[in-house]
Every structure is written in structure tokens, then in C-alpha cells.
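Chains as they are written, first to last, in our numbering: chain A, 38 to 388; chain B, 22 to 466; chain C, 840 to 1141; chain D, 5 to 236. Where a beta carbon is used, it is the ideal one built from N, C-alpha and C, also for glycine. Every value quoted in this text rests on a predicted model; they were computed, and no experiment measured them.
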Amino acid sequence: MTGTVPVVELAGAGVVGPFPLVSYLDALAQFLRPSTLAGVFVRGLSKAALYVMIASGLTLVFGLMGVLNFAHGSLTMVGAYLGGLVMVLSVTAATGTALRFGLFFVAVLVTFGGLVALESAVEVSLIRPLYDRPPIYQILLTFGVTLVLDELVRIVTQFYGLQPISEWQEALSTKPELLTETFRLGSTTVSALSLFEILFGVVTVAAVWTFLTRTRYGLVIRAGSEDSEMTEALGIDVRRVFATVFALGTGIAGVAGALLMWDPVWGASVPLAADTLLPAFVVVIVGGLGTFRGTVVAALLVGMVDAVTTWWFVNAVEFSGLPEIFIFLILVVTLVVRPQGLFGVAEVGGH
Amino acid sequence: MAISDPNPADEAAATPEDAVESDPTAVATPDTAWWRRYLEEHVAHVAVIALLAAYPLLHGALLASPVASEARMLLPNVETMTAVLYFGLFAMSFDFISGYTGYLSFGHAVFYGTGAYVVILAANGKLPLVPHTTPFMLLLLLGGVFAVLLALGIGVVSFRLTGVYFAMITLGFSQVAYVLVRDWGYLASSPRDGPFVVGPEGAMAPVFSVGVPFVDSLALDIGVLTGDSVVLGPLSLGTTEVSFYMVGIVVLVCYLLLQRVIHSPFGRVLIAIRENEERARAVGYDTFRYKLIAFAISGFFAAIAGGLFAGFRRSASPDNAFFFLVTGDALLASIIGGFGTLAGPLYGRLLDETIREFLSKEGTGGGLLPYLREVLPESILTVDIAGLTVQGAIETFLNGHGSLYLGLLFIGFVLFVPGGVLGYVRERLGGTVAQRVASRIRGGD
Amino acid sequence: MAVLRTEGLTKQFGGLTAVDDVDFELAGGELCSLIGPNGAGKTTFFDLLTGALDPTAGTVEVAVREDTDGERADGGSATGGSVGWIDITDAPPHATAQQGLHRSYQVTNVFPTSTVLENVRIAAQAHGDDSFRAWRNVNGFESYLAEARQVLERVGLGGKADAPAETLSHGEKRQLEVGIALAGDPEVLLLDEPNAGVSSESVDDIIALIEDVATDHAVLLVEHNMDIVMNVSDRIVVLNRGEVIADGPPDAVRDDPAVQEAYLGGYEPGDVGDDTDAEDPGDATEEGDAATDDPAGGGEPG
Amino acid sequence: MSLLQVDDIHTYYGESHILEGVSLSVAAGEVIALIGRNGVGKTTTLRSVLQLTAPRSGSITYRGEELVGKRTHEVAELGVGWIPEERRVFSQLSVAENVRVATPKGGDVDAALELAYETFPALSERRDADAGALSGGQQQMLAIARGLVGDNDVLLIDEPSEGLAPQIVADVAEAVQRAAEEATILLVEQNLPLAMDLADRFYLLDNGQVVEDGAATRGVTDDDRIRRYLSA
């Protein structure tokens, strides 16, 4: 926050009054400076990276099975704790930066593996018996899974003396020193954590993209999303593909959680489940249910809007819910204007 | 309270009762028949209402009996039962739109929250043009009217969509409202914690009474600390009991109204929309208008429920009034109790709250943990299994983690009893409870 | 006296012309069959008439009935004279139904868990003014119940009134399908393959039903079984590739060589350029994007 | 010795009895036409073979192996290919990807692509286009190519000429003929002359039962009995 903008004084937390137009114009001038725009842009990218990580798994699962997985946020949350656990157990104050990064990738792998195992168990025991019922039952079931997972994590964390509501500070502090610094990049400052998140997001998107377009399995998934009966008739066991995608989607959610564990804005906590689920829904719906390309674009859109509105909140508009409101407004407006989402295919011929 | 089960032919199922009703022989002696028939059809209703009405007395009696500690452990206390009533009404209103038309209103909490906030804001003098002394019953209606307007606005946009998309756009709207309420400093001194009833500056905080507005003798105050207590001959009812009865009366009236709508020509159109909207349109219904009106009705009653909640608790917060998980709780109650049955959600909520309280922390409500602490001997409590003592285990797993068991129960219902409690009972009986009971009685004469 | 007419009715899906410039008139009291090979556009034509689809071009009109100035009394005459036309080209399905145009569906399309009686009663109720009454018990509206029972007797389901619709046999569902269309006293009945999937034993019941409803309604029937079509129809219209290729009494249509050709396929090896059918050579399916908008694309095969 | 043997199968959609005891046999190398009016159960017969709509009773053997009770992908892996009504190409996948996904796991993708492009040069030109952007005739060729590269011994082809202009129909007929060089074919086709030109034998279905069968000759198209079943 810079001193040039007249930050409007607040009477306690009480009043949101109309500000003089002048201060908005001032803020606009400030906002349009290249350095501000560049900073907001980088922050937008880092937010977009997080959103795309949170939402990719959800979109893969929906694309293939038509199941909107309400447990997705809880799985991300479990991933945050699991990743945090690995870090807290292995990192000491003396651990150097390089080793911390190394351990983080171990944590990512453990998280991925652990969640794949967890979701496979859920899929086989709970979701599979429901394949023949209308999708609403699968959605309800994932809702139930959310309740159970959240409460189990609450029990476990309390048992070990952790406060499930607030972020897990010990895990936050395993972050390498490097990631707490900020850099000057051209005329703006950028936090190292943002860059790390952007890098992580780009790698994930590239990996998923390559998997979907360059591998046979990815091809099968795309075919199965479009017409599972035809795919089956080509000799492919679509049910096994379902299970794999479910596991994969969950694994990505877990990895996203591991990454969030280091971000002080998010952090490992039980409410992280709901906090990630809702934006993930927004990104997936705005992009078009089931299209990965749409998810990436929507994540960029939501990330940028988030960064821009956050800047306005910090600098001019005294309303802390501004970014969140805009994110949900994107959802509402998209559904009104283009219900199938940015890249979704409109239902053809149906009523 | 209410409620066993909607009278003849809920769910458009079954019409044997219709046949009886329009059968001239059944009204052979018209002077006695109508009320008798009516009573017969509502035996199940009356029984449930009587049971609920007797609950505080039964509960009190049991707590004074030798099985006091068991009763305290197992039965929800009266305060919890009051919450079951108003939240049950909210769940019913959710089910009214979601269960009967098939459109999952995932943002339904926005109406509940609207009802709650209107009551509190008005009482704090923060609603323009509404004096803080406005009677509670009028505030309930006012909240309902706000919710109707909101529902019409949201519905006009949302009912162009179906399925997941409808659920998501309503969720989007309600979350916008949630964030707005959470961060708007005008609403409360700490908007995140939500408003309390404090009255406008320099004035007394109003009390909320249920009854006939402007006639003090026909109204009783509600609220745990602010309510009236009543002595009726040998009976003395505390503030909690009085609140239970007064909230119950409002909920009963709302239930009867909702039931009326379900069994009207209009209600049948809603069921037709759920069953097959394309065909409903093809036979001549402009389904959009029906859905929109149903949504408004549903929003109205959700707001009444929210108003009762605020009136009883004298506070509300964004998280317990507007958040999407509040809708989730209504969904839970509806699925467990029986989706698409009007009374089901109330039973679902009852089960839900009973479980939560049974597994609650040590406290006023009783529950399993305090009971075990009381009855289990020290020798058992200290038994050590793989590093965890029995005491440690029960403290860990039974200490306010009702949601875990509720989640498991919910999963069980989704997998094995998709019709919910009431749906299952009806399936076994081969008709609604009211019908079965009525025909049993008729069979006797 | 005509009760329903179309002019230049055309429907294109992308490049594919499913219904092509159809001029059609249905007379009061007439039983007209609409036939044609698979994919000829018959169901699309129904969808255009009832407003389930909006046409690309052309109009659909229904005759104004003499008795429409108030609520129509039960048993209003279906063959009453007309004094003018109402354009229903862009009217949504519920509005065309209100104008007396009722349809049955090729694939059974009922209210599955409601009782048989309720299925018909709700259809009857759609044509009264009581559907927004939210405060009175539905059983107080006896006229709809009475009408529903009457219709059920007529379609032969009187004994099944209290059964949930989904428990009916396939043949009975087809009868119910017609029953729903019959409720509310329509002017015109559009029956889309009422015999689809009916076992050979039950076919006669349905034929009897079609003949019965044709005594007091104008009926437009889509049917594949030629024996039935030839027996019951007053008139037959043949569609092929969206175009009317024949229109006349059954005998004339039966002997029309163009009709025979349409049914058996116009394929002649080595002679394809000179097709006797004189199809438009610039057929839309050749165009690049035609197939993506195939009207039936991606649906479940029936 | 028949390659594919269908014995008295009864198939339902929900409660609706579609096949009321269909039996037929297909010998290796044959092209069999399944003809009949709309709605008599031709498509359902193909779906029954593939276990997409499993018969409630009866038996279907392929090379002596019982198919009833298997899952669809298992039937497909045995070498039964499906070229469905309305083509059902993966419209968001490119032409080449459609071919790749049809190539059996571990199969030679390059050889499969070569086979497809050689058989249908028109596809070669549009190999990178989304299949959804192809014309109807090209989509039909792609669907057939998908069946060919699947290493299938039997192809179940459903209404290949439906919705196509006459001159395109000729191309499709040629494509089916080419497919017949590679595989045994069970063909559902409403266009009677086309079916008779392509097939060796035919089965005529009516109301879920086989009512006629015999050698497929041009003469059949003039047979009054058969014409009665098919049209006026």
C-alpha cells in the first residue's frame, strides 16, 4: 500500500460510506501505472496458478463421469495436512533451502500417493455401487464424504493438539527462507512465493495437458468424456478409466493442498476445504464443465479478477469482501450469459 | 411440529383415499361424517403433534425419574427441540422447491438468512422506515416478503437453467449475499460475527412475542433468557418451554399452509414438473411461472424459519444464516427424512440434532460422553489399548464430533435408503402414514 | 373445414434440412397419416407444430374455434367451423397445447411415479383455470377427476387408475400416452407412433383406440405399420427427406411409384448421378459442418 | 461353422420387449444384411451382440465363446467392431486421434493410420481436423476406418447410408465393400437395393423376430412379400 492514495478513514469497522469521487479517480490513476499493473498481473498469475491446481482435478472427474465432486475441497485440505506432516516431520531449523525444496517434492509425491489411495478406496467402496443411479446420488454421496473427512481431520488434529480452525503454523514455517523474500522485477516488486506458485501451476498445467493430448491414456479419457458407450465398444474398459481419472483428479487436488500449505493466505486448516471448494466450482463452471482448456482460461480470468479487486480493496474501496463478491459474480454472470461456460459445448438437440 | 404426513395422496401417489372421499356412500350421514372423516385422515398428524406437545413434560418427568441419567444422555433437551422445529421448517421449505420440483436450490440459505437478518436489523432500528417496536409477527412477515422479492429476482434468472447449473447459479447468488453480509459494517459492529439484538441506540432491546400482534394478552415472549414463563395450574413452563410451544405453533401453521399448497392443483403441477417437465409443458403448463411462484413460496417460508431462529437466539451470523453449508444442513435433513415428502425434513432434522447432541461435548444437553464419564469405573477408563486409553478414545471420538457420525449416517442413507425415513416407511406401508392409519380405522367399522 | 395448416414450413439443423417447405392442411374430423422412411422428418414436423422446435421459415396456424370466447364446455365439438386463424408459429409448447393441439410421444413420455389417474388428471387440469389455486385441496376439483376417469375408460385403462404409471406394461403405457393427449378436449391430436414397441397381441387394442378417438377429433398420425395406416386413414401424406412427396387417399398413395422408391431406397450402383428421386444434388450433408448439428446426433439409440 | 451365432435372444428396454427370440448365424467372410422397418429391432440386435443392451435370455456365441454376460469392452477385445448409427465419431478429437483411440492397446498406431488413410484417401487430407468438422460422408468413412483398425473379425455396421446424399451413399457403399475384404460384416441397412448389392445373405426382421431369410439378390427387391414387410 502506498501513501499517495487517500485511504478513507473508517469509523470502527462500522460504516461503508460513499467516498469522494476524487479518491476513486486518484486510485484509478495509481492503478493504471505500469508498475502497479505489472504487480497486479503477477499476483493475478499466482492466484490463477492456485485456482487451476484446485480446479483441474474437479474438471477431469466431471468431464468423464458427470459427477460434481463435493469432496474435492476436503481432499485438497487433507493434502495440505499430509504435505505439512511430511515437512514438519522432516524439516528442522537447520535444514537448508535446497534440502527444503527437495523435501517439499517428497511431500508432494507422498500427498499424491496418499490421496490416490484414499480416493481409490472411496471410489471402489462408495461411488461404484451408485454408477447406475442418477448423478444426483453420486453428488450427495460426495457431500457425505466431505462431512466425514472434515470431521476426521478435526479429530486427528485436535488429538495432536493442533487448532483445526486456524492455519498450521508449524507447517507454514517449513517454507524455505527464499520463498519469504520479495524481488524487484522491473518497476515492481514480486514475492518469491508468487513466482514459485506460478512455476508450480505452469508445470502442473503442462503435465496434465501433455498427459491428455500426448498419451494414449489421455486420448482414451478425452474419448470417454465425449461418448463412453462408443469408447467401451472400442475395447476400452471405461470403468477402469473412471477409477484412474478419479484417483488422478484427487491426486492433483492433494498436490494443490500441499502447495497451499505454504501460502500464508491459505495454509493448512479444516476450513480450507470450503474455502477451496467454492472457487474450484466457480472456475470449473465458468470454464465449461469438463473442458480442461476452459478450466485453465477460467482460472486465469478468476485469478486476474481476484488480483485486481484485491488491489482496489487494499487501496481504495473499504470492503474486504470485494474480491470474493466478484468471483461469485463471475459465476452468476457466466451462467446467465453463457450457461455452458466459456469452452463448454451446448447441449445439442436436447430440450 | 406437525406432521406425520401429508393427507390423502401426497406425492400424487395413490388415490384410494380420493375414491373414498368422493364416494357418496362414505358421506351417507353428512352431519357426522365430515369431521369424523377429517379426524380419521389426520389421526397420524394429531398423534405426532400430541407427542411433540407432550415432549417437554415427558422430558421433564423422565429427568426427575430413576432413569434420569439415561434420559439425559439419549433425549435432546427442549432447547434443541426448538431448534429442530425452526430449522425443520427451513428444511421443509428447501424440500418444497428441491424435492417437489426437482430443482436443487443450493443457495436456499439466502432466504433463511434474509428472514433472520430482517428481524434483528429491524429490532436494532437499522431497517429504514421500520420502527424497532414493530411486533415480531409482523417482522416475520416482513422477512418473508423480502425473501419473496429476492426469490423472484433470483428465480427469473436461474430458472432458465436446469440440473447442476441451476444448483450452481443459486449457490452463486447466495454466496454473493453471504460475502456482502459478512463484510458490510452497517449490519453489525462486527459483521463477521453477525448482529445481536441490542435495540437502537438509547432504547431498550425489544422482546419478541409470538401470538396476535398488538394484543399483549394473546402473545407470549420467546427466547431462552428473554421469554415468558407461564404457570398453568400444576404446570409451570419455563422460558425454554414457552419458546418451544410458541415457535412450534408458528411452524405448525406454516406446515399446514405448505401442505395445503402441495395438495392443491398448483402443488400437483409442481410434482408433474419434477416427474417430467417436458411433458408438463406439452400438456399446457407454462412451467417457468409455476417454478418461479413455487420458489417464491419456498423462499417465504425459509425466511419465516430464519426469523424464528433469530427471534429465539436473538442473534445470527453470516456463517449460521447465509453460508452454503446451512443449505447443506437442510439438504442433509431432507435426504435423511425423505426427499420430496413435506414432513420428512423435520424428522430428518430431529434425527440429525439428536445424534449431534448425543455425541456432543459435556454440557447442558447431556449426551454419551458425560454419561460414560459418569458410569464407567475408573478401572475401565484407564485401560490402555495400543497407547490410547479408553478415556482418551472416548474423549477423542465422542467430544462434539457428531458431524462424523452424521456424515456416515447420511452416506448410509444415500447408499441404502435413498427414499429417506419417511419414503421408506411409506414404501413399507404401501401409502402415506395418514392414509394407512385412516384406512385401518375405517376397516374397523 | 381446416383446423390446422402450415405454409412453407421449413426446419434446418445447420446445413441439414429436416423439414423442407411443407404446406399442409388438416381438416376437422379427418384422420390423416403421416408416413415416410426413417429420418424423413416426421417427428421434427410434430415438434414444429407443437412449438417444441421453432421453424427456420414458414408458419403454423390453428383455426379459431367458434366456442373459444369463453371456457370451452366439456365435449365441445371438434368439428366446429372456424372463423379465422391464429398464428402459433413461435408459440411455446404450453401455448400450442392451450390452443387445442395435443400430442403423444414416440418414446413413452409420461409422469412415471404418479398414478395413471393423476397422469391424465394433471393433463385435464392444464386446460382449466384452476392450476394456480394453491389454497384448495385438489380433490375438490371434481370435474378434472371425472374427466380423467372418463378418458381412462376410453383408452381402456379404467382398471389401472391407481397404479403408478411406471408399473404399467409397455402396451398400457402407450394407451396412457394417448390418454394424456386426449385429456382437456383437444381440437387436434398428434399421435407419434402410438404402436411403437407394442407387442403384436396388443396392436389391435391401439388400432381400435386410434379409430375411436378419430370419431371426434382431427387426428394426425405417424405410424410405420402400413397395414394400420392403410386401414384407418382418410388420407395419407408421405414425407421423404423433409419434403411432401405424396398426398392423397390410401389407395393412391400405395400405388405411387415415388413412395415405393422412397421406402426401398433410391440406390442404383453405377447410376447414382441420375437418381430418379431428383434429390437436390447440393445436399447439405456434404457441407463441412453439417454433421455436427445432426439433429439426432449423440443421442441414445432407441 | 459359423463365426457369430445368435440363438433365440430376448432383449428388453426397461419393460419394453424389443427382441422376441431372434436367431441368426454369420459365417466367416460373409456379409449379412439385417433388414426390416424402423423399430423392428435391428439396432437392438447389434447392441445385444455387443452387450450394450444385454439380452435377458438366449445365447450369442462368437467363435464358440459365449458373449452374454461379458462386458462390452471384453466383447470388443475379442474382435467384434461396431460402426454405429449416426457414426458417433469423437467430434472433439482429430481424425488421427479417432483412429488412434480405436487401435488396440499395444497395437501399431502407424500401421493403423496408414491403413485408414490408404483405404480412405479423403481422410488423409483432413487428418488433423476435428472429426466434428467432417462432412457426413467423411464421418461415416472415419467410423468404418475406426472399425477396420480395431483388428476386428466381425463388423457390426448400423445404417451407414442414413442421412447421406445419394452420391455420397455410393462412396459409403464402396467403403463397406472395402471393409468386407477385411472382415465379416453384419449390416443393418434400410436402403434395400443397397443392402442387397452389398450382402451375401439377408435376414428380415419384423416385430422383434426373424420372418424371412435367404440369399441376397437383386430379385429380393422386387419380392412382394418382402416389399410388404418393408413398405406399403
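- Counting along the chain, F138/A sits inside the alpha helix (DSSP H) bounded by residues 134 to 159.
- Between the alpha carbons of Y426/B and L119/A lies a distance of about 23 Å.
- Legend: CB atoms of the stretch 60 to 81 of chain D lying less than 9 Å from CB atoms of chain A belong to residues R75, T76, H77, E78, V79, A80, E81.
- Within 7 Å of the CB of P286/B, the CB atoms of chain C belong to Q964, D969, S970, R972, V977, F980, in sequence order along the chain.
- If you check the CB distance, E1016/C and S943/C come in under 8 Å.
- Against chain D, a Cβ distance below 7 Å from A1035/C picks out G43.
- Within 9 Å of the CB of R289/B, the CB atoms of chain C belong to S953, E957, R960, I961, Q964, S970, V977, in sequence order along the chain.
- Restricting attention to L125/B, G136/B, P255/B, the CA atom closest to the CA of G349/B is found in L125/B.
- Around P156/B, the same chain offers P234 as residues with beta carbons nearer than 6 Å, after the five sequence neighbours per side are excluded.
- Counting along the chain, W86/D sits inside the beta strand (DSSP E) bounded by residues 84 to 87.
- Under the Cβ criterion of 8 Å, V185/A is counted among the residues facing chain B.
- Within chain A, the residues whose beta carbon sits less than 7 Å from that of Y186/B are L372, P376, listed in sequence order.
- Residue-level contact by beta carbon fails for L7/D and chain A, as no gap is shorter than 8 Å.
- Under a criterion of Cβ atoms nearer than 9 Å, the residues of chain C adjacent to E166/D are, in order, N877, G878.
- F884/C: not part of any beta strand (DSSP E); member of the alpha helix (DSSP H) spanning 881 to 889, first to last residue.
- It is roughly 42 Å from the alpha-carbon of E129/D to the alpha-carbon of F78/A.
- Residues of chain C with a Cβ closer than 9 Å to the Cβ of I87/D do not exist, since the nearest Cβ in that chain sits about 13 Å away.
- If you draw a straight line from the Cα of V304/B to the Cα of D968/C, it comes to about 14 Å.
- Chain-ordered listing is empty here: chain A has no CB closer than 9 Å to the CB of Q142/D, the nearest sitting near 17 Å.
- The beta-bridge partner set that DSSP reports for F852/C consists of L855/C.
- Of the residues assessed, F437/B falls on the exposed side of the cut-off, its CB having fewer than 16 other CB atoms within 10 angstroms.
- From the listed residues D373/B, Q412/B, V166/B, the smallest Cα separation to P391/B is found for Q412/B.
- D1094/C is classed as exposed because its beta carbon has fewer than 16 other beta carbons within 10 Å across all chains shown.
- Counting only Cβ-Cβ distances below 9 Å, E186/D has no contacts in chain A at all, with the closest Cβ about 17 Å away.
- Classified as buried, D307/B has 16 or more neighbouring CB atoms from the shown chains inside 10 Å of its CB.
- The beta carbon of Y276/B does not come within 8 Å of any beta carbon belonging to chain C, so the residue lies off that interface.
- Sorting E262/B, M189/B, L163/B, L192/B by C-alpha distance to the C-alpha of A104/B places E262/B at the top.
- The Cβ atoms of S52/D and G1036/C lie no closer than 8 Å to each other.
- Cβ-Cβ separation between M114/A and L296/A: approximately 13 Å, too far for a contact (criterion under 8 Å).
- Counting only Cβ-Cβ distances below 8 Å, V354/A has no contacts in chain B at all, with the closest Cβ about 11 Å away.
- Remark: C-beta atoms of L7/D and R67/D approach each other more closely than 8 Å.
- Put simply, the CB of I367/A is far from chain D, with every gap to its CB atoms at 8 Å or more.
- L142/B is positioned such that its CB atom lies closer than 8 Å to that of L208/B.
- With contact defined as three or more Cβ pairs closer than 8 Å, the stretch 156 to 169 of chain B and the stretch 180 to 192 of chain B are not in contact.
- No Cβ-Cβ contact shorter than 8 Å links G269/B with L110/B.
- Within the stretch 272 to 317 of chain A, no run of beta strand (DSSP E) reaches 3 residues while sitting entirely inside it.
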